[in-house]
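K.L.:
First, the structure itself, so that you have it in front of you.
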Amino acid sequence: MTVLNSKIPAGPLAEKWSKHKAAIKVVSPANKRKLDIIVVGTGLAGGSAAASLAEMGYNVKAFCYQDSGRRAHSIAAQGGINAAKNYQNDNDSIYRLFYDTIKGGDYRAREANVYRLAEVSGDIIDQCVAQGVPFAREYGGTLSNRSFGGVLVSRTFYARGQTGQQLLLGCYASMNRMIGQGKIEMHERNEMLDIVTVDGKARGIITRNLVTGEVERHGAHAVVIASGGYGNVFFLSTNAMGCNGGAAWQAYKNGAFFGNPCFVQIHPTCIPVHGEQQSKLTLMSESLRNDGRVWVPKKKEDAIKLQEGKMGPNDIADEDRDFYLERRYPSYGNLVPRDVASRAAKERCDAGFGVNAEGKAVYLDFKYSIERLGQDVIEARYGNLFQMYEKITDVDPYNEPMQIYPAIHYSMGGTWVDYNLMTTVPGLYAIGEANFSDHGGNRLGASALMQGLADGYFVLPYTIGDYLADEIQTPRIDVNHPEFDKKEKAVNERLQKLFNVKGNKSVDSFHKRLGNIMWDYVGMARNEEGLKFAIAEIAKIKEDFYNDVRIPGDFDAMNIELEKAGRVADFLELGDLMARDALNRNESCGGHYREESVTEEGEAKRDDENFTYVSAWEYKGENQEPVLHKEELVFEEVKLTQRSYK
Amino acid sequence: MSSFLSSSIGKKLIMSLSGLFLVLFLLVHLILNSFLMFDSTGELFNAGAHFMAMPVIRFGLQPVLFGGFIVHIIYAIILTLQNQKARPQKYASQNLGNSSTWSSRNMFVLGGLVLVFIVMHLMHFFVPMQITGEVPMKMVDGVEIHDGAALVKALFTTGTFGIVYTCIYVVGAILLGLHLAHGFWSSFQSIGMSNNIWRARLERAGYIYAIFIAGGFTIIPLYLHFFA
Amino acid sequence: MADKIIKNLTIKVWRQKNAKTAGKFETYKINDISGGTSFLEMLDILNEQLINDGQEPIAFDHDCREGICGMCSLFINGRAHGPDDDITTCQLHMRKFKEGETITIEPWRAGAFPVIKDLIVDRTAFEKVLQAGGYISVNTGGVPDGNAIPISQDDAEEAMDAAACIGCGACVATCKNSSAMLFVSAKVSHLAKLPQGRVEASRRAKNMVAKMDELGFGNCTNTGACEVECPKGISIANIARLNREFLAAKIKD
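Protein chains in written order, with the UniProt record's numbering: chain A, 1 to 646; chain B, 1 to 228; chain C, 1 to 253.
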């Protein structure tokens, strides 16, 4: 029997959320004033939650490691946000959005959560418009939509190629209003390093002030983790440099189960890696696939010439181009979901058709759209993306196709939460990318923004009341409680341990080593042998790390290497758990592709009989094997079928 | 209202309005001066100067003009001091050449130089004509009036100093032109009367105006020096 | 296309232990940098070199490294975000530099942006200005349908032009007066162009300008340098609009 209780309400799918809302407890305005909530992270999920909770009357303390809440990595989301508005009259509906998301996630997400997500999606758009998000509009003044991978309707709202930025600035503005009113206490350049639990309930956090180096204590009646994903475990990813799994990892170490760690998304349209000196990968919005056609040469000899630089893409005639997505998936074509597009690119490159010197790139060509629509239309749609591409690569994408290759982008896995978004630790919540969430094995484009804001604006503010209603008698949390002493000491010891290694190698050198292992063995294609090898290698890197890392500078002052070391320490453990989870899940599903589980056509093959569950891992202590718990996924509404985008 | 005048935008509004007022004055001044070129007898100019010395102008408008100058100068000083304070530590290397014009960055210096010129200019003409009365006199229609034209001509034509003064006045006019090249457009921007379309128009108008004023004030001393 | 390799570079960089101590320039050598390497990756490599030599790495702000978070903030060879147009420092690539060049790197310099360490400055002043009014006062929930109020495409686009500001501070850093007018005007314009934001436009303009003045930014003298160095090309037409909004608001008082 599992210890997991997902608390999914009974009743028909379409009524679960409204019934649940009616059933859960509510805190009175007078009592909200007495309750404190900590929100870690100020991206779309954290920012919208902090603003909404403060507006409701709670006292919020928000934390971010950046110098401003507005810089959270949600800001980099380009393409758009989905909502089942049916503004385009293309027969979209809540059900269709729900179904697309469940199917896109390869049937590894909870029906009830996903349905709720689709249900509130429309409200998000209304909210954002009211906040002044300058969404693209038609001449008549109504909102404009574009289509996105994995769906057959146009339901994506966008603000040029900067949708994430505009949505984040919207909720950050709401936060600012509350900061101005004293309802949010904002802590910038402040990184959460541990969670304090008292009598089994989350009661606060320990942070490090990144400017002064001081370790600080903060107490609250509930703690919300909104710290994003852990893609940086791969070193090279589209995540921001500072993105880390720290907060979620500390939650795990304090008793919150970690769900589906092996589910990470590999985004098909990123600028390929060049050379050895690269620090991060840049995403080119998936929306580009609306108007760009993906191809590699048909002939091997052309590919070789391209790799050697003896030929350019424009030298290859149309009939010698292999539009492999259109060939393999005629009904979705270039708009297949991300996992499918990524694997197809890898397949072509592995077969020797890659187009750059490393043989690890495919073309995304706008020639055809420019011919059809004119350059000005393409420029209006993607101008800033094209400019970004040109700045990075020195190639003008109006005249020469872009080179793209898949890269780590998003983590579907994350802290396990129930229907109320509460983790297995009472009073500890996880929202947005930080939770294992609604995306199952693969996330559809433009759904991350939707989920972050759904959690923060419309789900958590209600569900947290159910817990806090029983906390109204709890006085303000005393940070002098012995548990705070204990945790502060533990954090200091952990940091001292790293600082005192005084070895010979930089933090980054270990991070790169970890990243290489993760990409090669826990990346786009995984197998048992490789995963076992990865687990062993990660253990070695970890050992070396604690013996040989060098952190210069002062301990009790701003120390960027120390910050990074703490994050890499977490990544080393997270990488291990990801490999273990990937090893356990012997099926191909969404972003997780096990070479042992493929169809005859080479497509991913799910194993519903044995793996229709969420794996939730329980921490058992330093150097102890984690324990796997399974939350069986029950599908009442949809029938599980092998995904087909043909 | 006090918070308005002490606000950064309020102060800029004052700079802008006083500046525009002075811009207008320059036009009147130039038109009047141009009489020197169109009438070699100097009668036209003297009539204009006489008109300008009428009590209603002398005691009504002149104080306003001086007020405009003083306000413009005082606020320039206040704003510049504040701007200096806003960057206590300067850059070791700063390359503004490709992001802004030289005159826009040096308005205070240009203004200061123009002020020095104006003081000199006042000593040459305003003080003798309107205060001490040390001006050649002339009978016109039975009335004795100041022969300002003669005073002006004398300055630019007498001996070596004639060349020096001509040069000084030409330089003064150029400095003024540079000041206007930024100031004209800038004053519209400061009161909010600009947008992406009007900006180019105003900038162009500013340049044309600056060239017109600077050119006019350059030609007059040159004309007097060489042809009078 | 193979990138050119720059064999020798001299990096002259501002080092400052913390806000309280005085800083100074230090000079380092770095070799064999590929032209396709980003400027920040070059600094990563230099830092790796420093760590291996037992020295403290250079602290600089950066995060997304794709030109949108606004965290990176270097003044390179006399220009905010370095010698290229319409980019942030993280988008600057080494192909813009010459063999044997000396590159001078300084932090943003402004009284309102005190140095925290090395090249990192404190830009909290921007947040304070936003907190004074850079928002529309709506609570979550209870808002009209997204299509209830039509907004002309031109207005939406113009609002978007202003809203594209990433809050990096290059405008303040570039401005000879350390004025924050471009930043403040971008937010005021973004919201003033939308019917939702019009409702409290006067209040917003007054409060944000008052806060901006209080925080010790300089006064705008319309040199226009800010818009040239702005990585997002925010126009100073926004400053004219702010002036207009502010004056109109004050006249009503």
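Even glycine gets a Cβ: it sits at the ideal position worked out from N, Cα and C.
Please read all numbers here as calculations on a predicted model, not as lab measurements.
(1) Comparing alpha-carbon positions, which option in A:132, A:540, A:500 lies nearest residue 514 of chain A?
(2) If residue 689 of chain A and residue 456 of chain A are in contact, beta carbons under 8 Å, what's the gap, nearest whole angstrom?
(3) Hey, could you find the ends of the beta strand (DSSP E) residue 64 of chain A is sitting in?
(4) If distances are taken between C-alpha atoms only, which option among A:388, A:394, A:396, A:406 comes closest to residue 360 of chain A?
(5) Got a sec? Which residues, its chain only, sit under 6 Å from residue 107 of chain A by beta carbon, not counting five neighbours each side?
(6) Counting pairs of Cβ atoms below 8 Å between the stretch 91-105 of chain A and the stretch 596-615 of chain A, do you hit three or more?
(7) Just the chain C side, please: which residues come within less than 8 Å of residue 434 of chain A by C-beta, in chain order?
(8) What ranges does the alpha helix (DSSP H) occupy inside the stretch 316-370 of chain A, keeping only unbroken runs of at least 4 residues that lie completely in it?
(9) Exposed or buried, what is residue 191 of chain A when buried is set at 16 or more other beta-carbons lying within 10 Å of its beta-carbon?
(10) Does residue 6 of chain C come within less than 7 Å of chain A when only Cβ atoms are used?
(11) Are there three or more Cβ pairs, one per stretch, closer than 8 Å when the stretch 453-473 of chain A is compared with the stretch 117-137 of chain A?
(12) Have a look at residue 241 of chain A and residue 412 of chain A and give me their C-alpha separation to the nearest angstrom.
(13) Give me the Cα-Cα distance between residue 1 of chain A and residue 517 of chain A, rounded to the nearest whole angstrom.
(14) Taking the alpha helix (DSSP H) that residue 13 of chain B belongs to, which residues open and close that run?
(15) In chain order, what are the residue ranges of uninterrupted beta strand (DSSP E) at least 3 long that sit wholly in the stretch 562-629 of chain A?
(16) If you draw a straight line from the alpha carbon of residue 476 of chain A to that of residue 141 of chain C, how long is it in whole angstroms?
(17) Buried or exposed for residue 64 of chain B, please, with buried defined as at least 16 other CB atoms from any protein chain shown within 10 angstroms of its CB.
(18) Residues in its own chain within less than 8 Å of residue 163 of chain B by CB, not counting five upstream and five downstream?
(19) Taking just the CA atoms, how far does residue 638 of chain A sit from residue 56 of chain C?
(20) So, at 7 Å on beta carbons, what are the nonlocal neighbours of residue 68 of chain B in its own chain, with the 5 sequence-adjacent residues on each side left out?
(21) Any residues in the stretch 168-183 of chain A with a beta carbon nearer than 7 Å to a beta carbon of chain C? Which ones, in chain order?
(22) Residues in the same chain with beta-carbon distance under 7 Å from residue 344 of chain A, minus the five sequence neighbours each way, listed in chain order, please.
(23) Kindly indicate the opening and closing residues of the beta strand (DSSP E) around residue 265 of chain A.
(24) Hey, does residue 63 of chain C have any beta-carbon neighbour from chain A nearer than 7 Å?
(25) In the DSSP assignment, find the unbroken alpha helix (DSSP H) run with residue 21 of chain A in it and report its ends.
(26) Step through the CB atoms of chain C and report whether any lies within less than 7 Å of the CB of residue 391 of chain A.
(27) Round the Cβ separation of residue 68 of chain C and residue 76 of chain A to the nearest angstrom and send it over; I've been treating them as touching at under 8 Å.
(28) Taking only three categories from DSSP, how would you classify residue 208 of chain A?
(29) Using Cβ-Cβ distances below 8 Å, what residues of the stretch 449-474 of chain A are close to chain F?
(30) List the residues of chain C whose Cβ lies closer than 8 Å to the Cβ of residue 39 of chain A, in chain order.
(31) Is residue 549 of chain A closer than 7 Å to residue 507 of chain A when the C-beta atoms are compared?
(32) Taking C-beta pairs closer than 7 Å, name the residues in chain C that residue 199 of chain B reaches, listed in chain order.
(33) Hey, does residue 134 of chain A have any beta-carbon neighbour from chain C nearer than 7 Å?
(34) Excluding sequence positions up to five away, which residues of its chain have a Cβ less than 8 Å from the Cβ of residue 346 of chain A?
(35) Within 7 Å of any Cβ in chain C, is that where the Cβ of residue 511 of chain A sits?
(36) Look up residue 386 of chain A in the DSSP assignment and give the residues it is bridged to.
P.N.:
If we stick to the structure as given:
(1) Out of A:132, A:540, A:500, A:540 has the C-alpha closest to the C-alpha of residue 514 of chain A.
(2) Beyond the ends of chain A as shown, which are 1 and 646, falls residue 689 of chain A; an answer cannot be given.
(3) No beta strand (DSSP E) contains residue 64 of chain A, which DSSP labels as neither H nor E.
(4) Ranking A:388, A:394, A:396, A:406 by Cα distance to residue 360 of chain A puts A:406 first.
(5) Non-local C-beta neighbours of residue 107 of chain A in its own chain, meaning closer than 6 Å and more than five positions away in sequence, comprise 640, ordered along the chain.
(6) Flag = no, the stretch 91-105 of chain A and the stretch 596-615 of chain A do not touch.
(7) Residues of chain C passing the Cβ test: none, with the nearest at roughly 17 Å.
(8) Taken in chain order, the unbroken stretches of alpha helix (DSSP H) that lie wholly in the stretch 316-370 of chain A and span 4 residues or more are 324-328, 338-348.
(9) Flag for residue 191 of chain A reads buried.
(10) Answer no: the Cβ-Cβ gap between residue 6 of chain C and chain A never drops below 7 Å.
(11) Touching, per the Cβ criterion.
(12) For residue 241 of chain A and residue 412 of chain A, the distance between alpha carbons rounds to 19 Å.
(13) With a pLDDT of only 42 at residue 1 of chain A, under the threshold of 50, the placement of this residue in the model should not be trusted, and no figure is reported.
(14) Unbroken alpha helix (DSSP H) run through residue 13 of chain B: 8-38.
(15) Inside the stretch 562-629 of chain A, DSSP marks whole beta strand (DSSP E) runs of 3 or more residues at positions 613-618, from first to last along the chain.
(16) Looking at the two C-alpha atoms, the distance is approximately 28 Å.
(17) The Cβ neighbour count for residue 64 of chain B, taken over all protein chains shown within 10 Å, is under 16; the residue is labelled exposed.
(18) The beta carbon of residue 163 of chain B sits closer than 8 Å to the beta carbons of 225 from its chain, once the five residues preceding and following it are set aside; these are given in chain order.
(19) If I take the Cα positions, the gap works out to 57 Å.
(20) So the list reads 18, 21, 22, once near-sequence residues are dropped.
(21) Flagged, chain order: 169, 173, 174, 176, 177, 179, 180.
(22) Closer than 7 Å at Cβ, skipping near neighbours: 324, 325, 328.
(23) Its beta strand (DSSP E) spans residues 264-270.
(24) Yes, its Cβ sits closer than 7 Å to a Cβ of chain A.
(25) In this chain, the alpha helix (DSSP H) harbouring residue 21 of chain A covers 13-23.
(26) Yes, residue 391 of chain A lies at the interface with chain C (some Cβ there is under 7 Å from its Cβ).
(27) That pair is a contact at about 5 Å.
(28) Looking at residue 208 of chain A - three-state DSSP - the assignment turns out to be strand.
(29) Going by chain labels, chain F is absent from the structure shown, which instead holds the protein chains A, B and C.
(30) In chain order: nothing, as chain C lies at least about 14 Å away.
(31) Using a Cβ distance threshold of 7 Å, residue 507 of chain A and residue 549 of chain A count as a contacting pair.
(32) Residues of chain C whose Cβ lies closer than 7 Å to the Cβ of residue 199 of chain B are, in chain order, 237.
(33) So, interface residue.
(34) Taken in chain order, the residues that qualify are 406, 524, 525.
(35) Taking Cβ atoms only, chain C never reaches closer than 7 Å to residue 511 of chain A, which makes this a no.
(36) Bridge partners of residue 386 of chain A: none, in fact.
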